[in-house]
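Sequence lines, in order, name chains A and B. According to numbering that gives the first Met the number 0, the first sequence is numbered sequentially starting from 0. According to numbering that gives the first Met the number 0, the second sequence is numbered sequentially starting from 0.
2 protein chains.
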Amino acid sequence: MTSVEEPARPGERERIRDAARTQAEILDVATQEFARAGYDGARVDEIAARTRTTKRMIYYYFGGKEQLFTTVLERAYGVIREAEQQLDVDHLDPVAAIRRLAEVTFDHHEQHPDFIRLVSIENIHGAQHIAASEKLGKIGSPALDVIRRILTSGQESGLFTADVDAVDLHAMISSYCFFRVSNRHTFGALFGRDLLDPAQRAHYRAMLGDMVIAYLTAERTAD
Amino acid sequence: MTSVEEPARPGERERIRDAARTQAEILDVATQEFARAGYDGARVDEIAARTRTTKRMIYYYFGGKEQLFTTVLERAYGVIREAEQQLDVDHLDPVAAIRRLAEVTFDHHEQHPDFIRLVSIENIHGAQHIAASEKLGKIGSPALDVIRRILTSGQESGLFTADVDAVDLHAMISSYCFFRVSNRHTFGALFGRDLLDPAQRAHYRAMLGDMVIAYLTAERTAD
DNA sequence: TAGCTAACGTACTAGTTCGTACATTAGTGA
DNA sequence: TCACTAATGTACGAACTAGTACGTTAGCTA
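See below:
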């Protein structure tokens with residue numbers, strides 16, 4: 000979890016009333032509850048019960064279930080973006096840079112299953128909350144800029160032969176990482192293989208990198 | 000839709016009572032409703048209202064909402080399996096066969112968005128309905144057998160260098176095809192690109208084939 | 001330290017939703 | 001054609017659930 004709970008730094012005794020802490024606590028629990036049960040399956044009463052505050056405060060701070068979910072989404076996407084901004088691969092050659100990018104994406108998806116579930120849920124609802132959000136609409140993805148730079152560099156040097164742009168490549172990498180987490184349960188039930196098996200982790204991680212590099216550098220028949 | 004409605008073959012006048020037809024009609028509508036709104040978002044009353052029968056019959060034939068969803072899933076997976084059984088690529092060389100397999104998978108996902116949504120929903124609920132289903136547990140995938148054959152052939156001939164088994168490759172192909180449909184909305188909202196844009200269809204279809212072939216046939220550093 | 005307001009809690013309601021008790025009839029087999 | 005049962009319709013209830021009216025208080029500021 001991306002818990003923002005500060006366990007009352009020593010010396011600073013915990014106040015009874017703390018708007019920021021209450022909001023953060025609601026968002027933490029709401030994230031779990033929405034990820035657990037989906038939008039309609041989530042219960043506002045359940046979220047309230049698992050915080051130190053009451054349902055009243057959810058409506059006081061967030062307005063309603065719908066806006067609460069939107070805020071949960073906004074915060075979850077914010078975490079991703081922050082992580083993407085940490086990404087520094089400019090010192091690597093294009094092939095190594097792309098592999099590194101793929102690996103970081105792979106790791107990040109694995110480490111944030113709740114985020115994956117929220118995105119799946121948002122897709123079931125046609126991305127209506129993203130559309131309704133001021134914050135989520137306009138902000139681009141830092142990862143996309145990174146991909147764009149690597150891709151240009153690789154294509155100019157002739158290393159990369161594939162006819163793709165940054166968004167395409169991002170979709171390719173994301174689909175692999177996302178599916179592994181989002182479809183873990185049905186895939187496991189139907190094929191008897193746990194895509195998140197720790198023993199297989201390195202294998203799947205390498206597979207992604209190999210796949211992307213192979214695609215980008217494959218010999219193409221001129222067309 | 001996989002509508003099973005037989006519009007009363009001429010000469011055979013439509014009976015008032017027809018168990019098979021009633022059940023099929025319920026399943027058709029339930030498929031749409033569950034795919035539209037998710038498990039908890041779906042309304043039993045809404046399903047009933049959109050059939051020519053009543054809610055009473057849903058409980059009469061299926062027992063309840065939960066079992067109805069399970070039956071909907073069973074039928075949806077059945078359709079996929081049937082399609083996979085049509086697949087005949089044994090006359091093609093391994094490279095062409097894999098590309099054909101990828102293309103058929105690509106097409107099939109695109110043509111059955113409701114199925115994709117149902118699987119996404121089932122994953123949100125931890126694949127509990129698949130686990131509860133007698134039918135869904137044991138049946139393997141015909142596509143897997145096909146992949147297994149192609150892979151063996153390609154690896155024996157030295158064409159394929161990648162260290163993957165059939166399940167891995169199936170996951171790789173599925174993830175690409177699945178994501179394109181399942182995450183269409185959030186991806187579109189965030190990156191301004193519709194992955195299902197008809198004008199881009201051929202591009203994405205070729206991209207998948209290129210990717211898989213490149214991965215399977217890439218020159219490997221011996222390890 | 002007084003008072004003001006943001007922050008909070010309790011108790012309730014209106015509407016919804018899954019599920020069922022009970023009554024009825026179409027169609028079939030003897 | 002008669003009786004029997006699978007198939008069907010109506011009406012209702014119990015439980016849940018998002019949201020709110022109203023009252024209270026912690027803690028800051030003048």
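Where is the CB? At the ideal position from N, CA and C, for every residue including glycine. None of these values were measured; they are calculated from a predicted model.
Note down the Cα distance separating residue i from residue j, rounded to an integer number of angstroms.
i	j	result
residue 105(B)	residue 44(B)	35 Å
residue 136(B)	residue 71(B)	15 Å
residue 34(A)	residue 113(A)	5 Å
residue 178(B)	residue 173(A)	8 Å
residue 27(A)	residue 116(A)	15 Å
residue 29(B)	residue 61(B)	11 Å
residue 127(B)	residue 82(B)	25 Å
residue 184(B)	residue 42(A)	25 Å
residue 218(A)	residue 160(A)	7 Å
residue 162(A)	residue 142(A)	19 Å
residue 180(B)	residue 101(A)	21 Å
residue 14(B)	residue 21(B)	11 Å
residue 2(A)	residue 49(B)	Caution is warranted here: a pLDDT of 45 is assigned to residue 2(A), below 50, making its placement in the model unreliable, and no coordinate value can be reported.
residue 86(B)	residue 93(A)	39 Å
residue 221(A)	residue 131(B)	With a pLDDT of only 48 at residue 221(A), under 50, the local geometry of the prediction cannot be trusted, and the value read off the model is given with reservation. Each residue's Cα considered, the two are about 52 Å apart.
residue 99(B)	residue 171(A)	19 Å
residue 125(A)	residue 38(B)	15 Å
residue 58(A)	residue 79(A)	27 Å
residue 107(B)	residue 32(A)	33 Å
residue 165(B)	residue 150(B)	7 Å
residue 118(A)	residue 182(B)	8 Å
residue 216(B)	residue 209(A)	11 Å
residue 152(B)	residue 123(A)	40 Å
residue 138(A)	residue 187(A)	35 Å
residue 213(B)	residue 55(B)	55 Å
residue 168(A)	residue 190(A)	28 Å
residue 121(A)	residue 24(A)	22 Å
residue 129(B)	residue 77(B)	13 Å
residue 96(A)	residue 53(B)	60 Å
Mind checking if residue i is an interface residue toward chain A, Cβ cutoff 8 Å exclusive?
i	result
residue 45(B)	no
residue 194(B)	yes
residue 153(B)	no
residue 121(B)	yes
residue 103(B)	no
Can you tell me where the alpha helix (DSSP H) holding residue i begins and where it ends?
i	result
residue 177(B)	165-181
residue 197(B)	Where residue 197(B) is concerned, there is no enclosing alpha helix (DSSP H), given that its DSSP letter is neither H nor E.
residue 71(B)	64-85
residue 59(A)	54-61
residue 160(B)	No alpha helix (DSSP H) contains residue 160(B), which DSSP labels as neither H nor E.
residue 18(A)	18-40
residue 117(A)	112-123
residue 91(A)	Looking at the DSSP string, residue 91(A) is not in any alpha helix (DSSP H), and its letter there is neither H nor E.
residue 151(B)	141-155
residue 47(A)	43-48
residue 130(B)	127-131
Under a CB-based cut-off of 8 Å, is residue i close to chain B?
i	result
residue 116(A)	yes
residue 56(A)	no
residue 170(A)	yes
residue 68(A)	no
residue 144(A)	no
residue 221(A)	Low confidence applies to residue 221(A): its pLDDT is 48, below 50, so where it sits in the model is not reliable, and the reading given next is rough at best. Output row for residue 221(A): interface = no.
For residue i, which residues in chain B fall below 7 Å Cβ to Cβ?
i	result
residue 185(A)	118, 121, 122, 126 and 129
residue 166(A)	190 and 192
Which residues in chain A have a C-beta closer than 9 Å to the C-beta of residue i? List them in chain order.
i	result
residue 189(B)	76, 126, 129, 135, 136, 138, 139 and 140
Determine the chain B residues that contact residue i at a beta-carbon separation under 8 Å, and present them in chain order.
i	result
residue 209(A)	161, 214 and 217
Listing by chain order, which chain B residues have their CB less than 9 Å from the CB of residue i?
i	result
residue 37(A)	37, 38, 39, 40, 120, 123 and 124
Taking C-beta pairs closer than 8 Å, name the residues in chain A that residue i reaches, listed in chain order.
i	result
residue 177(B)	174, 178 and 182
Would the C-beta of residue i count as close to the ligand GTP, meaning under 7 Å from any of its heavy atoms?
i	result
residue 215(A)	The model on display carries no ligand, and the ligand GTP is accordingly not part of it.
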